[in-house]
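Here the structure comes first, spelled out in structure tokens, and everything after it is commentary.
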Amino acid sequence: MSEAVISYDEVLEQFDPVMGLEVHVELGTRTKMFCGCSTEFGAEPNTHVCPVCLGLPGALPALNKIGVESAIRIGLALNCKIAEWCRFARKNYFYPDMPKNFQTSQYDEPICYDGYLDVDIDTDEGRKTFRVNIERAHMEEDTGKNTHMGGATGRIHGADYSLVDYNRAGIPLIEIVTKPIEGAGKYAPEVAKAYVAALRDILRNLGVSDVKMEQGSLRCDVNLSLRRTPQDELGIRSETKNVNSLRSVERAVRYEMTRHAARLLAGERVIQETRHWHEDTGVTTSGRSKSDAEDYRYFPEPDLVPIAPSREWVEQLRAALPENPAVRRARMQELWNLSDIDMQTLINAELLDLVEEAVAAGVSVDAARKWYTGELSRVANEREVDVAELGITPAMLARIEELISTGALNDKLARQVLEGILAGEGDVDGVIASRGLAVVSDDGPLLEAIKDALAADPSVAETIASGKLQAAGSVVGAVMKATRGQADAARVRELLLEHLGVSE
Amino acid sequence: MSELVRKDASELSALLSAGEVSAVEVTQAHLDRITQVDGAIHAFLHIDTEGALQAASVVDSKRAAGETVGSLAGVPLGLKDILATKGLPTTVGSKMLENWIPPYDATVVTRLREAGIVILGKTNMDEFAMGSSTEHSAFGPTHNPWDLERIPGGSGGGSSACLAAFEAPLAIGTDTGGSIRQPAAVTGTVGVKPTYGGVSRYGAVALASSLDQIGPCARTVLDTALLHEVIAGFDPMDQTSINAPVPAVVAAAKRGDIKGMKIGVVRELGGEGYQAGVRQRFDEAVVILESLGAEIVEVSCPSFDYALAAYYLILPSECSSNLAKFDGIRFGLRVGDDGSRSVEQVMSQTRAAGFGDEVIRRIMLGTYALSAGYYDAYYGQAQKIRTLVAQDFAKAFSQVDVLISPTAPTTAFKIGEKLDDPMAMYLNDIATIPVNLAGLPGMSLPIGLAPEDNLPVGMQIMAPAMADDRLYNVGAALERALVAQWGAPILNSMAGV
Amino acid sequence: MSAISRDDVVHLAHLARIDIPSDQLDHYASQLDAILEAVATVSAVDTDNVVPMSHPVPSTNVFREDVPGQSLTANEALAGAPAVEDDRFRVPRILDEE
């Protein structure tokens, strides 16, 4: 099935790639786009269905307000214009996973249009910003799910029959379509990946979707064509469907570039067709040919009235938008005075929000970073949960830091406090009280412990007295051990030297 | 024939609330009547004897317990088989849905049930409401009680015939281009297509979504208004329904005072192509309206000449999409699934076997009108003509309160007469289509019998959007004058079935 | 306006998923042609600057709150289906077209 390809460098010597990216995002509304059925993932088959989303005779759609609101918010976050007036349209084609045999979508009147998204990529000349122009973002509905039964491969080819579950049918989708992405040259695969990643961040940040590519709540179709020079007309494109991870987006673009180039260099034509991406083998294979172009017979959906978002509504939504993730990162990096690497560590570990909240609660940036990237990441990793799910709130960290700064806790005790909280023993002060973790600040008992330690190893006193102050460490260690860590090590050292009449 | 079945809904309502008769007795009388005559009429596709008696007995118990019930509680009704009824077959007159039992009730059905109205059964119709004669029903034609050789109109011929045959005093129809009004006209009954959005369409199997409207049918203007009031009003399940108070139709039907009103006769809806007896009765009715104190003016709506053509592009286009869901996957008929065929082949065979000729014709026509390359010339152009029709209406209503015309160009024709000539059949709707295109309300009421064939003639009254009450006011005034002139309701002059 | 050919009928029948026997293609072609000829009169109307009307009521922004409503049970959903397996709708094999 797989076709001849040539090396990537060879492609770049002779061709200029042009991409188009179509991203479908499933909204995280409580109910479907046109009916009150739940959108919850993973329910028993055909239990989240009703006459509307099953397309039963007589049923009518009823538009979900949050679906529209989410579409507008996405458009605003992508710097789009918001239509003053637009309609839904019916896209007519037959397919068993589509209950009405038309998809309620938008055609020539998308609710959002003419936007852009700036993405950063690493180039030979350092980090650079690349602008991806957005053609439109429109509202539509998802289809049901086919399971292919029988046959040798379990795939659609060779299946004996299929089983359809319509739970997913009618879940709100926003389709975001770029304008042709030109000028990316050899960085086309990176730009594609960076765009989808940036888009995913924005959508997550808006809280409109859980953007899980592996569960299909974010899906990407990659259109690609090659031309000899940027001055040439656009070449014939292929449309690779459902590329469902960031890494695959990059790989699929790269693969299609090499496949197209091999065909063109061999004097063959690129076929305008749908292709399927295979994650395992890293190639695409031919799907349906688009040679006899679909005739979707779009017309305005008569069962839904037009949408005319008032400018007041749009401005209200704009004012309430969260800060753009990229802008926010740049601002925080500068504010916190972090290196690129330190910042990237926080971003990669998805700890930015937590650190920001801890800082806001009064923890220093360094301490917050230390706790989250260190101890808390370790525990979370051990327990196979997200750091945010550990139950250590920024307020708790702030309290711990406060106690450390007053000397009531030291690092070791602080870790024990965390341990207690994770074990469900209560909050910071509760764990300290129940475990009796306060630093011993009364000199009396400490002096006793020092004397005991010196008595156990009389030679060390002489060594210290002779000026070898590093020997003090073993005594301090013994005292810490004796007090089960509840002593302030610095104070122990001070008392020891004082006791021996030695000065630093 | 039991005296009960000759009574109007408002008369039955009075008897029921006075306790002089029980809902079960009324229902049983109508069920008996159906048993007696429906073999010849074939107004009903499905008779729900058990459900009807059960519903009637609930009403009787409530009345006995002193509970408040609606004024039409206990009055029987024939329901067009296009409305989804939970647990009751809903065939839309098609083999495609021969065995389909919906898991839900249409909003109108819910409102009827809540009002205590007794649903006797489901009435016959042209398949998917496509037709003007009920001959396109997959389950055989309905016969006009005035002459069993003739059509009862369509698509709601079962609803009009059951009223005229005294099988029910009330019926529900749907009207996309005249399917309530034209059957009313040719059977001597009353039917109203409310303002688009006046009644929820939720649960009515869609023909053309932007034209369809559910409406009341009865033997008198007042009964029609009483039923109108029960079914009308905003429904969140139909976002095209209008969120505003229902026009005061019952008060208007009781008033019937047109002194000082301006009534426009539409020049384009009459004259050539209209049967002489239809024109004669219409002209006489205009004189009566004038004698009742209305000022009659002639109004011109030039775009109406293109309304029929525009309609036969818009309707097929929308229906080609609305009927796509009938594919043998989730409900209804499936043909050819022997394990050797693909889903596409099974869908195509199912649709070929399940749809009748007229349905296939319209789906093909709509598919064509929406296709790439033809959209602008056909569907797009038709939608623009729709705007012109609405503008003509607006202009006319700036001069007059209501518009009138004959409802249909002819009286009931013979069964089989126009079956092979689709365009001739389509011409039946020529006068009723404009209000559907503009979303306005229209009524048909009987104005006499055509002298040449002694068959009923209807007058159509048209009003501005959400001014449905004007139809009832004018209709009531005219009805009162005509019945006084005839000495009895028109159906009394019908030879016994 | 061009007339409807036999091939047009084949194409339309495919788009509409209706299996029309070949001996009926001419019949449908001539009927559709006659209807189209009649409705083509719409082209005679001057509609420059006329806005098309898709909805007869001029309302906008009718929304539903995002609040769950009643769904059907799987049994209710599947009750009318021609073929069912494992609480799913069973359909003949799907040729890969989408």
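Residue numbers (this note's numbering), protein chains in the order written: chain A, 5 to 508; chain B, -13 to 483; chain C, 33 to 130. Just so it is clear, CB atoms sit at the ideal spot from N, CA and C, and this is done for glycine as well. All values reported here derive from a predicted model rather than from experimental measurement.
Assigned exposure category for residue i - 16 Cβ within 10 Å defines buried
{"i": "A:Trp89", "result": "exposed"}
{"i": "C:Ser103", "result": "buried"}
{"i": "A:Gln348", "result": "exposed"}
{"i": "A:Lys132", "result": "exposed"}
{"i": "B:Val388", "result": "buried"}
{"i": "A:Ser343", "result": "exposed"}
{"i": "A:Asp296", "result": "A caution first: A:Asp296 carries a pLDDT of 47, below 50, which makes its placement in the model too unreliable to give a value."}
{"i": "B:Asp455", "result": "buried"}
{"i": "A:Arg387", "result": "exposed"}
{"i": "C:Val135", "result": "One cannot answer for residue 135 of chain C here, as it falls past the ends of chain C, which runs 33 to 130."}
{"i": "B:Val443", "result": "buried"}
{"i": "A:Arg273", "result": "exposed"}
{"i": "A:Ile275", "result": "exposed"}
{"i": "B:Gln369", "result": "buried"}
{"i": "B:Thr175", "result": "buried"}
{"i": "A:Gly130", "result": "exposed"}
Amino acids of chain D, ordered along the chain, whose beta-carbon sits closer than 9 Å to that of residue i
{"i": "C:Ala106", "result": "Of the protein chains in the structure, A, B and C, none is chain D."}
Sequence-distant residues of its chain with Cβ nearer than 7 Å to residue i (five each side left out)
{"i": "A:Val53", "result": "Cys41, Tyr170 and Asn171"}
{"i": "A:Met5", "result": "Residue confidence is low: A:Met5 scores 48 on pLDDT, short of 50, so the model does not pin down where it sits. Its coordinate-derived value is still stated next. Around A:Met5: Thr289."}
{"i": "A:Gln420", "result": "Arg439 and Leu441"}
{"i": "B:His16", "result": "Val(-9), Pro62, Leu106, Glu153 and Ala154"}
{"i": "A:Ala392", "result": "Leu358"}
{"i": "A:Ala399", "result": "Ala365"}
{"i": "B:Asp221", "result": "Thr93, Ser186, Tyr188 and Ser227"}
Contact under 7 Å by Cβ, residue i with residue j
{"i": "C:Ile36", "j": "C:Ala45", "result": "no"}
{"i": "A:Tyr199", "j": "A:Val123", "result": "yes"}
{"i": "B:Val191", "j": "B:Ile346", "result": "no"}
{"i": "B:Ser119", "j": "B:Gly140", "result": "yes"}
{"i": "A:Phe92", "j": "A:Leu308", "result": "yes"}
{"i": "B:Leu74", "j": "B:Asp112", "result": "no"}
{"i": "C:Arg38", "j": "C:Ala66", "result": "no"}
{"i": "A:Val247", "j": "A:Cys224", "result": "yes"}
{"i": "B:Ala115", "j": "B:Ser80", "result": "no"}
{"i": "B:Thr71", "j": "B:Val95", "result": "yes"}
DSSP beta-bridge partners of residue i
{"i": "B:Cys203", "result": "B:Ala157 and B:Gly177"}
{"i": "A:Gly24", "result": "A:Asn227"}
{"i": "B:Val12", "result": "In the DSSP output, where bridge partners are listed per residue, B:Val12 has none listed."}
{"i": "B:Leu299", "result": "Per DSSP, none; premise fails for B:Leu299."}
{"i": "A:Lys95", "result": "A:Gln107"}
{"i": "A:Arg131", "result": "A:Asp126"}
{"i": "B:Glu30", "result": "According to the sequence as given, residue 30 of chain B is Phe; it is not Glu. B:Thr109, per the DSSP bridge assignment."}
{"i": "A:Ala141", "result": "A:Cys116 and A:Ile180"}
{"i": "B:Gly126", "result": "DSSP output for B:Gly126 lists no bridge partner at all."}
Residues near residue i in its chain [Cβ-Cβ closer than 8 Å; skip 5 each side]
{"i": "B:Leu413", "result": "Gly259, Leu294 and Pro395"}
{"i": "B:Leu(-2)", "result": "Leu(-10), Val7, Val12, Gly60, Val61 and Pro155"}
{"i": "A:Arg231", "result": "Phe19, Asp20, Val22, Glu237, Leu238 and Gly239"}
{"i": "A:Leu451", "result": "Leu499 and His503"}
{"i": "A:Ala494", "result": "none"}
{"i": "B:Glu281", "result": "Gly246, Met247, Lys248 and Ile249"}
Other residues of its chain near residue i: CB distance less than 6 Å, five sequence neighbours each side excluded
{"i": "B:Gln460", "result": "In the sequence as presented, Gln is not what sits at residue 460 of chain B; that position holds Val. Correct list, in chain order: Ile244, Val388 and Ile447."}
{"i": "B:Leu208", "result": "Ser(-4) and Ala239"}
{"i": "A:Asn137", "result": "Tyr120 and Lys183"}
{"i": "B:Ile274", "result": "Ala467"}
{"i": "C:Glu130", "result": "Unreliable positioning characterises C:Glu130 in this predicted model, as indicated by a pLDDT of 40, which lies under 50. A coordinate reading is not provided."}
Please confirm if the region 107 to 122 of chain C is in contact with the region 307 to 319 of chain B, defined as three or more CB-CB distances below 8 Å between the two stretches.
Touching, per the Cβ criterion.
If we count Cβ pairs, one from each stretch, closer than 8 Å, do we get three or more for the region 472 to 483 of chain B versus the region 242 to 261 of chain B?
Verdict: no, contact absent.
May I ask you to verify whether the region 196 to 206 of chain B touches the region 155 to 175 of chain B, counting CB pairs closer than 8 Å and requiring at least 3?
Enough Cβ pairs lie closer than 8 Å, so yes.
Cβ contact (3+ pairs, closer than 8 Å) linking the region 67 to 86 of chain C and the region 332 to 342 of chain A:
At 8 Å Cβ cutoff, the stretches do not touch.
Contact the region 371 to 383 of chain B vs the region 422 to 441 of chain B: 3+ CB pairs below 8 Å
Flag = yes, the region 371 to 383 of chain B and the region 422 to 441 of chain B touch.
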